[in-house]
Amino acid sequence: MDAAVQFIDAELDPILKGANRSFEAGTISAVVTAGEDVSALLVRVLAGLTPLQGGQVLVLGHDLALLSREQRDQVRRRIGIVYPDGGLVSNLKVLENVTLPLLYHTGESSREIENRAIALLDRFGCGEILFELPGTLSVALRRRAGFARALALEPELIVYYWREGGLDSGERELFLREAVAFHGEAPGRTTIFLAPHEGALAGGGTIPVVHLTKGRFE
Amino acid sequence: MLAAAGRQATRGLLFVGELSMLLFRAFRESLSVVRHGFRPVLRVYLKQVYFTGVQALAIILFLFLLIGSLIVTQMTSLAGAGSAPLTGKVLVWIVVRELGPLLTAVIVIARSGTAIATELATMKINGEIDVLESLGIPAMRYLILPRILGVTTAVLVLTLYAETVSVAGGFLTASLAWGVPLEQYNQGIVPFLTVREIGISFFKSLVFGLLVSTVCCRQGLSVGESLTQVPQAGTKGVMQSLLLVFLLDVAITATLY
């Protein structure tokens with residue numbers, strides 16, 4: 235089985251100190267980190283926004299640091315990242331946030347894209363807030379809309395930057411169920427949760443957990 | 115003293131270098147935007163033209179109508195009602211050569227320059243620019259290029275409207291207050307409204323539009339992580355734009371006239 239994400243002697247002070255780990259394609263797993271700062275930095279590493287100080291991280295078979303800008307953007311469109319606060323663009327309405335990556339990366343007609351985005355937002359209970367700006371919404375709604383946007387391009391790798399705050403237990407379980415269901419919708423899709431502790435993923439079924447402790451995966 | 119002046123000059127050169135680099139990177143994106151990301155970039159461009167151009171149109175037209183009337187009134191009171199050709203000539207010189215591009219740029223700085231700088235600064239601090247990058251959407255292409263093009267287009271078109279309305283306002287005043295006929299008024303306008311005059315006015319607007327948008331984008335992108343830097347970015351963007359627009363206006367006028 236190919237690795238969707240592979241850390242090879244990865245060095246980045248203070249979160250990675252010679253870290254080695256493979257996340258095989260098609261698997262679902264969780265990384266328990268030492269805190270939100272670590273998760274945030276790990277997300278940046280996976281998206282190729284923060285370069286390593288040593289070693290390599292291969293994402294979908296590519297070292298993003300070695301690619302040209304255009305090539306990197308093509309790999310990034312295959313990665314979906316769900317941010318704790320949704321990560322929505324503040325001056326775009328919810329529907330525009332979801333249509334943006336589709337308009338940018340696909341050649342589909344605007345009507346098709348809008349219909350697809352509306353269907354996705356409906357799936358996550360955001361059908362009533364299509365034309366709202368993110369600033370007017372609760373964290374839970376922003377996160378759901380961000381979830382819809384991350385899924386819009388049918389990513390091969392999806393990373394959940396997980397935070398419990400802003401969601402009640404019912405919303406958290408629903409969110410996890412949706413994440414697990416989405417994982418199963420395409421063979422070969424890889425899902426990684428970055429969580430502050432194992433209990434944060436209760437309700438998502440059995441998810442294998444690795445700990446990122448003192449810069450190494452254990 | 116000399117060392118301080120040297121440091122200031124170095125900072126100035128670095129600043130100009132940064133602006134040139136930002137402009138170069140934005141225009142490099144324009145080469146590839148046609149094949150990738152054209153639709154969303156076009157949307158941002160049209161929004162920018164609407165915000166900077168269409169929304170500012172009423173205030174610009176009103177101001178320049180008044181300016182045209184004021185110039186004609188002052189000239190007539192100075193040179194008499196029979197000086198219509200001279201009045202028209204002065205109107206063209208003041209409005210087309212200077213006030214049209216300059217005052218339009220000042221209004222755009224006040225309205226849109228500050229908005230662009232603070233908006234980009236807020237987006238950067240909130241991590242939205244990184245989010246866009248992680249979606250495979252380069253900020254330079256999606257955020258900066260359409261803002262620079264949008265503001266420049268708006269300044270060009272607004273200046274054209276402003277100058278037209280100002281000349282018309284001047285005629286209206288001359289005609290209504292002193293009964294000056296159109297033919298007499300035109301004698302002062304038409305011979306001096308040459309292609310060169312219009313071309314230089316157009317060139318000034320183009321330079322000012324590029325300058326204002328690039329300076330404000332650069333200020334917006336230059337913030338760190340603190341929210342207090344957002345209003346600072348707006349203020350710096352406005353002040354630097356004003357200073358550079360006036361400096362360049364003097365330089366262009368001194369070179370071309």
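Here the protein sequences come in this chain order: A and B.
Quick note: the first sequence uses this note's numbering, first residue 235, plus one each step.
Quick note: the second sequence uses this note's numbering, first residue 115, plus one each step.
In this text, a Cβ means the ideal position worked out from N, Cα and C, and glycines have one as well.
Small disclaimer: the values here were computed from a predicted structure and weren't measured.
#### Entry: Boundaries of the beta strand (DSSP E) in which threonine 424 of chain A is found, first to last residue
By one-based count along the first sequence, residue 424 of chain A stands at place 190. Unbroken beta strand (DSSP E) run through threonine 424 of chain A: 424-429.
### Query
Between the Cα of valine 158 of chain B and the Cα atoms of A:Thr424, A:Ser263, A:Ala382, A:Leu334, which residue gives the shortest distance?
Locating residue 158 of chain B in the second sequence gives position 44, counting from the first residue. Looking at A:Thr424, A:Ser263, A:Ala382, A:Leu334, the one whose alpha-carbon comes closest to that of valine 158 of chain B is A:Leu334.
### Message
By the 9 Å beta-carbon criterion, what residues does the stretch 240-252 of chain B contribute toward chain A?
### Response
Residues Asn240, Gly241, Glu242, Asp244, Val245, Leu246, Glu247, Ser248, Leu249, Gly250, Ile251, Pro252.
### Message
Below 7 Å on C-beta distance, what does glycine 151 of chain B contact in chain A?
### Response
Position 37 of the second sequence, counted from the first residue, corresponds to residue 151 of chain B. Near glycine 151 of chain B (Cβ distances below 7 Å), the residues of chain A are Tyr338.
### Task
Taking only beta-carbon positions, decide if arginine 311 of chain A is within less than 8 Å of chain B.
As a first step, residue 311 of chain A must be located in the first sequence, where it is residue number 77. Taking Cβ atoms only, chain B reaches closer than 8 Å to arginine 311 of chain A, which makes this a yes.
### arginine 411 of chain A - DSSP class collapsed to helix/strand/coil
The residue you call residue 411 of chain A lines up with position 177 of the first sequence. Helix at arginine 411 of chain A.
### Message
Counting beta carbon pairs with one atom in the stretch 278-297 of chain B and one in the stretch 236-243 of chain B, are three or more of them shorter than 8 Å?
### Response
Flag = no, the stretch 236-243 of chain B and the stretch 278-297 of chain B do not touch.
### Query
In chain B, which residues lie with their C-beta within 9 Å of the C-beta of arginine 377 of chain A?
Along the first sequence, one-based indexing puts residue 377 of chain A at 143. The premise fails here: arginine 377 of chain A is roughly 13 Å from chain B at the closest Cβ pair, so nothing lies under 9 Å.
### Per-residue contacts from aspartate 307 of chain A into chain B (C-beta, under 7 Å)
Locating residue 307 of chain A in the first sequence gives position 73, counting from the first residue. Ordered by position in chain B, the residues that pass the 7 Å Cβ test against aspartate 307 of chain A are Gly250, Pro252.
### Query
By Cβ distance below 6 Å, which residues in the same chain neighbour serine 280 of chain B in space, the five residues on each side in sequence not counted?
Position 166 of the second sequence holds residue 280 of chain B. Here serine 280 of chain B has Phe178, Ile181, Gly182, Val209 as same chain residues with Cβ atoms under 6 Å from its own Cβ, once five neighbours each way along the sequence are excluded.
### Message
On a Cα-Cα basis, can you pick out the residue from A:Leu329, A:Phe409, A:Pro318, A:Leu283 that is closest to valine 309 of chain A?
### Response
The residue given as residue 309 of chain A occupies position 75 in the first sequence. When only C-alpha atoms are compared, the closest one is A:Leu283.
### Cβ of methionine 237 of chain B within 8 Å of any chain A Cβ
On the second sequence, position 123 is the one that residue 237 of chain B refers to. Any Cβ of chain A closer than 8 Å to the Cβ of methionine 237 of chain B would place that residue at the interface, and such an atom is present.
#### Entry: Runs of beta strand (DSSP E) lying entirely within the stretch 160-191 of chain B, each at least 3 residues, in chain order
None, since the stretch 160-191 of chain B contains no complete beta strand (DSSP E) of that length.
### Query
Within 8 Å (strictly less), CB to CB, does alanine 268 of chain A reach chain B?
The sequence position of residue 268 of chain A within the first sequence is 34, counting from 1. By this cut-off, alanine 268 of chain A is not an interface position.
### Task
Specify the secondary structure class of histidine 445 of chain A as computed by DSSP and reduced to three states.
Against the first sequence, residue 445 of chain A aligns to sequence position 211. The answer is strand: DSSP assigns histidine 445 of chain A an E or B state.
#### Entry: Cβ neighbour criterion (16 or more within 10 Å) applied to arginine 121 of chain B
Locating residue 121 of chain B in the second sequence gives position 7, counting from the first residue. By the beta-carbon neighbour count (other beta carbons within 10 angstroms, threshold 16), arginine 121 of chain B is exposed.
### Query
In terms of residue numbering, what span does the alpha helix (DSSP H) encompassing phenylalanine 317 of chain B cover?
As a working mapping, residue 317 of chain B is identified with position 203 in the second sequence. Note, phenylalanine 317 of chain B: alpha helix (DSSP H), 309-335.
#### Entry: Segments assigned beta strand (DSSP E), at least 3 residues, entirely inside the stretch 277-350 of chain A
For the stretch 277-350 of chain A, the continuous beta strand (DSSP E) assignments of 3+ residues that do not extend past its boundaries occur at 288-293, 313-316, in sequence order.
### Message
Can you list, in chain order, the residues of its chain with a C-beta nearer than 8 Å to that of threonine 328 of chain B? Leave out the 5 residues immediately preceding and following it.
### Response
Looking up residue 328 of chain B in the second sequence gives position 214. The answer, listed in chain order, is Leu133, Leu136, Leu137, Ala140, Ile262.
### Query
Is the CB of proline 154 of chain B under 8 Å away from at least one CB in chain A?
Here residue 154 of chain B is taken as the residue at index 40 of the second sequence, counted from 1. Taking CB atoms only, proline 154 of chain B has a neighbour in chain A less than 8 Å away.
### Query
Roughly how far, in whole angstroms, is the beta-carbon of phenylalanine 377 of chain A from the beta-carbon of glycine 314 of chain A, given that I think they are within contact range, below 8 Å?
Working through the first sequence from its first residue, we reach residue 377 of chain A at position 143. Working through the first sequence from its first residue, we reach residue 314 of chain A at position 80. Just to set this straight, residue 377 of chain A is arginine in the shown sequence, not phenylalanine. Their Cβ separation, rounded to whole angstroms, is 13 Å, which puts arginine 377 of chain A and glycine 314 of chain A out of contact at 8 Å.
#### Entry: Cutoff 8 Å: glutamate 297 of chain B Cβ touching any chain A Cβ
Here residue 297 of chain B corresponds to residue number 183 of the second sequence, with the count starting at 1. Judged by the 8 Å Cβ criterion, glutamate 297 of chain B is not in contact with chain A.
### Message
So, for histidine 445 of chain A: in the same chain, excluding its five sequence neighbours on each side, which residues have a beta-carbon less than 6 Å away from its beta-carbon?
### Response
Counted from its first residue, the first sequence places residue 445 of chain A at position 211. Excluding the 5 residues flanking it on each side, histidine 445 of chain A has same chain C-beta neighbours closer than 6 Å at Val266, Glu452, in chain order.
### Own chain partners of glutamate 366 of chain A with C-beta closer than 6 Å, once the 5 adjacent residues on each side are dropped
Residue 366 of chain A sits at position 132 when you count from the first residue of the first sequence. The beta carbon of glutamate 366 of chain A sits closer than 6 Å to the beta carbons of Val328 from its chain, once the five residues preceding and following it are set aside; these are given in chain order.
### Message
Give me, in chain order, the residues of the same chain whose beta-carbon lies closer than 7 Å to that of leucine 320 of chain B; leave out the 5 immediate sequence neighbours on both sides.
### Response
Here residue 320 of chain B is taken as the residue at index 206 of the second sequence, counted from 1. Only residues of its own chain outside the window of five on either side were considered, and among them Thr266, Leu270 have a CB closer than 7 Å to the CB of leucine 320 of chain B, listed in chain order.
### Query
Of the residues that make up the stretch 292-304 of chain A, which ones have a beta carbon closer than 8 Å to any beta carbon in chain B?
Hits within the stretch, in order: Arg303, Glu304.
### Task
Determine which residues of the stretch 324-354 of chain A have a Cβ less than 8 Å from any Cβ of chain B, and write them out in chain order.
Within the stretch 324-354 of chain A, contact with chain B at the beta-carbon level (separation under 8 Å) is assigned to Ser324, Asn325, Leu334, Pro335, Leu337, Tyr338, His339, Ser344.
#### Entry: Pairwise C-alpha distance: alanine 384 of chain A and threonine 356 of chain B
In the second sequence, counting from the first residue as 1, residue 356 of chain B sits at position 242. In the first sequence, counting from the first residue as 1, residue 384 of chain A sits at position 150. As written in the sequence, residue 356 of chain B is leucine, which differs from the threonine given in the question. If I take the Cα positions, the gap works out to 41 Å.
### Task
Quick one: residues in its chain with C-beta nearer than 6 Å to the C-beta of lysine 318 of chain B, no 5 flanking neighbours on either side, listed in chain order?
Taking the second sequence and counting its residues from 1, the one referred to as residue 318 of chain B is at position 204. Closer than 6 Å at Cβ, skipping near neighbours: Pro215, Ile366.
### Task
Could you tell me if leucine 286 of chain A is buried or exposed, where buried requires 16 or more neighbouring beta carbons within 10 angstroms of its beta carbon?
Numbered from 1 along the first sequence, position 52 holds the residue referred to as residue 286 of chain A. It counts as buried.
### Query
For a contact meaning CB atoms closer than 9 Å, what does glutamate 233 of chain B contact in chain A?
As a working mapping, residue 233 of chain B is identified with position 119 in the second sequence. Chain-ordered, the chain A residues with CB closer than 9 Å to the CB of glutamate 233 of chain B read Ser324, Asn325.
### Distance CB(alanine 170 of chain B)-CB(valine 206 of chain B) smaller than 8 Å
Indexing the second sequence from 1 puts residue 170 of chain B at position 56. Indexing the second sequence from 1 puts residue 206 of chain B at position 92. In this structure, valine 206 of chain B does not lie closer than 8 Å to alanine 170 of chain B by Cβ.
### Query
Taking Cβ positions only, does leucine 283 of chain A come closer than 8 Å to chain B?
As a position in the first sequence, residue 283 of chain A is number 49, starting the count at 1. Closer than 8 Å: yes.
### Task
Identify the contact partners of isoleucine 242 of chain A in chain B, using a Cβ-Cβ distance below 8 Å as the criterion.
Sequence index remark: in the first sequence, residue 242 of chain A carries index 8 (1-based). Here the premise fails: no neighbours, minimum Cβ distance about 22 Å.
### Query
Checking contacts by CB at 8 Å: is isoleucine 392 of chain A closer than that to chain B?
Walking along the first sequence from the start, residue 392 of chain A turns up at place 158. Taking 8 Å as the threshold, the shortest C-beta distance from isoleucine 392 of chain A to chain B does not fall below it.
### CB contact check: glycine 399 of chain A to chain B, cutoff 8 Å
Residue numbering aside, residue 399 of chain A sits at position 165 when the first sequence is read from its first letter. False, the Cβ-Cβ gap to chain B never drops below 8 Å.
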